[in-house]
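Note that the sequence shown covers residues 1 to 395 in the UniProt record's numbering. For each residue, glycine too, the CB sits at the ideal point set by N, CA and C. For reference, the structure is listed below as structure tokens.
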Amino acid sequence: MQHYDAIILGAGAAGLMAAATAGQRGRRVLVVDHADAPGKKILISGGGRCNFTNIGTAPDRFLSANPHFAKSALGRYTPADFLELVEAHGIAWHEKTLGQLFCDGSARQIVAMLLDECDKAVRSGGSVDIALGQSIESVTHDGTQFHVTRGGKTFATPRLIVATGGPSIPKMGATGYAYDLARQFGLKVVEPRPALVPLTLGGEETLFRSLSGVASEVVARAGKTRFREAALFTHRGLSGPAILQVSSYWRHGEAIGIDFLPDCDGDWLLAAKRAAPRTSPRRALAQHLPDRLAETLAERLALPAELGAATDKALAAAQGRLADWPFHPNGSEGYAKAEVTVGGVSTAGLSSRTMEAKAVPGLHFVGEAVDVTGWLGGYNFQWAWASGRAAGEAV
Ligand SMILES: Cc1cc2nc3c(=O)[nH]c(=O)nc-3n(C[C@H](O)[C@H](O)[C@H](O)COP(=O)(O)OP(=O)(O)OC[C@H]3O[C@@H](n4cnc5c(N)ncnc54)[C@H](O)[C@@H]3O)c2cc1C
Numbered sequence: 001m002q003h004y005d006a007i008i009l010g011a012g013a014a015g016l017m018a019a020a021t022a023g024q025r026g027r028r029v030l031v032v033d034h035a036d037a038p039g040k041k042i043l044i045s046g047g048g049r050c051n052f053t054n055i056g057t058a059p060d061r062f063l064s065a066n067p068h069f070a071k072s073a074l075g076r077y078t079p080a081d082f083l084e085l086v087e088a089h090g091i092a093w094h095e096k097t098l099g100q101l102f103c104d105g106s107a108r109q110i111v112a113m114l115l116d117e118c119d120k121a122v123r124s125g126g127s128v129d130i131a132l133g134q135s136i137e138s139v140t141h142d143g144t145q146f147h148v149t150r151g152g153k154t155f156a157t158p159r160l161i162v163a164t165g166g167p168s169i170p171k172m173g174a175t176g177y178a179y180d181l182a183r184q185f186g187l188k189v190v191e192p193r194p195a196l197v198p199l200t201l202g203g204e205e206t207l208f209r210s211l212s213g214v215a216s217e218v219v220a221r222a223g224k225t226r227f228r229e230a231a232l233f234t235h236r237g238l239s240g241p242a243i244l245q246v247s248s249y250w251r252h253g254e255a256i257g258i259d260f261l262p263d264c265d266g267d268w269l270l271a272a273k274r275a276a277p278r279t280s281p282r283r284a285l286a287q288h289l290p291d292r293l294a295e296t297l298a299e300r301l302a303l304p305a306e307l308g309a310a311t312d313k314a315l316a317a318a319q320g321r322l323a324d325w326p327f328h329p330n331g332s333e334g335y336a337k338a339e340v341t342v343g344g345v346s347t348a349g350l351s352s353r354t355m356e357a358k359a360v361p362g363l364h365f366v367g368e369a370v371d372v373t374g375w376l377g378g379y380n381f382q383w384a385w386a387s388g389r390a391a392g393e394a395v
């Protein structure tokens, strides 16, 4: 049986960061992944350019049953720290929008950087072996050592880091394996659900599907949480960054609200009536919105053909509806299309400093597997780097 100082399950963002960190501290590390290549989600992220962090990272941009849990790791490994690494590797980057940092070139550079950092382990007497392409058959614990069996071989270690992510995009090999292991060791799992995912419309809202391809800047709301970004109508319902963001907060059965005219004053429709009473509601809306959207919304508002024929009360009501248009999604496009998973291994059983299970010394959970989920825009990778780092420093 081969022995390692630490075994890491999952060669994704958090697993590779944990491996490089532990390896550079002189640890002999084995990383195990059933995929045929490391960092596959990194490669497809950010449209192939990897939105690797967000300079606006703050704990309130993460969802978790314990909103304080992420503070420690995020505070000790910041976007500036990751950026320093990116720059040290000569990777050119740019800020796209809203603090989102992307590679100028390719996400491959981020994977290459992480593998290079793993290789640096030898300088301090450590090593990082990466074993790909075989499923894990079992993980057991005899009280002091964990035994990981794959391909008929068993490896032993006193420290196990579970970095197998969440079940989003199963087509890419994503699984809920971390949850199975958590339960096996008596840890709780906060019910997982797809997040950063397009929402679907049915019933009488199906008619909005005819707007497929139309996008508009909106403020989308789920509960009290609001995001100002683009919304996109699709052939199944609603997508675009504003919708993906609210999808993480949305629960089945709830409505979401959309302010289609975030830049218009509260009485613009009344003002439009005063300025041009012969104008149709559709034309008034089309001054601020894409034509097809203006037409559909005007039809649904069922105002008279000319603004001048509508009462002020009716226009105020229409304006109120446009500022918080209720949609009743009948579902989401599910894990097949979700960028991340909300929920996961409960933080209640983990140390926020080391990601170690309080009841099972030596067992750590990092990255998306944990019940910490970031907003769209580089936050999820920042959590993967920070939590991976925290565990890598502890093993
Ligand atoms: C299309 C897409 C685009 C994204 N773009 C961005 C972006 O630009 N910015 C951002 O911040 N976030 C983005 N994300 C989210 C981000 O990719 C994840 O939050 C991040 O990869 C999580 O890191 P992780 O290491 O926890 O898990 P992962 O990176 O998913 O790594 C988990 C690893 O574990 C392996 N694994 C899983 N199950 C098993 C098993 N049973 N046995 C062995 N190995 C297993 C997987 O093969 C994988 O290599 C995107 C996600 C998707 C799907």
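Residues sharing a beta bridge with residue i, DSSP
{"i": "Cys-103", "result": "Trp-93"}
{"i": "Ser-212", "result": "Per DSSP, none; premise fails for Ser-212."}
{"i": "Asp-259", "result": "Val-219"}
{"i": "Pro-194", "result": "Thr-341"}
{"i": "Ala-289", "result": "Checking the displayed sequence, the identity of residue 289 turns out to be Leu instead of Ala. Note: Leu-289 sits in no beta bridge, so no partner."}
{"i": "Asp-129", "result": "Leu-30"}
{"i": "Val-246", "result": "In the DSSP output, where bridge partners are listed per residue, Val-246 has none listed."}
Close Cβ partners of residue i (< 6 Å) along its chain, the five nearest in sequence each way excluded
{"i": "Ala-386", "result": "Ala-73, Leu-74, Tyr-77"}
{"i": "Gly-202", "result": "Asn-330"}
Close Cβ partners of residue i (< 7 Å) along its chain, the five nearest in sequence each way excluded
{"i": "Gly-257", "result": "Arg-221, Asp-324, Trp-325, Pro-326"}
{"i": "Tyr-379", "result": "Asn-54, Thr-57, Arg-61, Phe-62"}
{"i": "Ser-248", "result": "Leu-63, Ala-195, Leu-196, Val-342, Thr-373"}
{"i": "Ser-351", "result": "Lys-358"}
Closest by C-alpha distance to residue i, when choosing among the options
{"i": "Ala-298", "options": "Val-340, Leu-350, Arg-282, Arg-183", "result": "Arg-282"}
{"i": "Glu-339", "options": "Pro-241, Gln-2, Ile-130", "result": "Pro-241"}
{"i": "Arg-389", "options": "Glu-306, Ala-230, Leu-16, Val-372", "result": "Leu-16"}
{"i": "Leu-160", "options": "Ala-22, Gln-319, Glu-368", "result": "Ala-22"}
{"i": "Thr-154", "options": "Val-139, Val-214, Ala-14", "result": "Val-139"}
{"i": "Leu-293", "options": "Glu-254, Phe-102, Gly-362, Leu-322", "result": "Leu-322"}
{"i": "Leu-30", "options": "Gln-100, Pro-67, Val-128, Ala-65", "result": "Val-128"}
{"i": "Phe-185", "options": "Ser-239, Leu-101, His-141", "result": "His-141"}
Residue i to residue j span [Cα, whole Å]
{"i": "Ile-44", "j": "Lys-171", "result": "13 Å"}
{"i": "Thr-164", "j": "Gly-344", "result": "11 Å"}
{"i": "Glu-306", "j": "Leu-289", "result": "18 Å"}
{"i": "Arg-183", "j": "Phe-365", "result": "12 Å"}
{"i": "Ala-156", "j": "Phe-260", "result": "57 Å"}
{"i": "Ala-231", "j": "Phe-146", "result": "47 Å"}
{"i": "Ser-135", "j": "Arg-150", "result": "6 Å"}
{"i": "Ser-168", "j": "Ile-8", "result": "20 Å"}
{"i": "Ala-215", "j": "Leu-315", "result": "25 Å"}
{"i": "Val-189", "j": "Thr-279", "result": "56 Å"}
Residue i - DSSP class collapsed to helix/strand/coil
{"i": "Thr-373", "result": "strand"}
{"i": "Ile-55", "result": "coil"}
{"i": "Pro-326", "result": "strand"}
{"i": "Phe-69", "result": "coil"}
{"i": "Ile-8", "result": "strand"}
{"i": "Thr-225", "result": "strand"}
{"i": "Lys-153", "result": "strand"}
{"i": "Gln-2", "result": "strand"}
{"i": "Gly-320", "result": "helix"}
Neighbourhood of residue i by C-beta, 8 Å cutoff - its chain only, sequence neighbours within 5 removed
{"i": "Gly-173", "result": "His-34, Ala-35, Lys-40"}
{"i": "Thr-296", "result": "Leu-207, Phe-208, Ser-210, Leu-211"}
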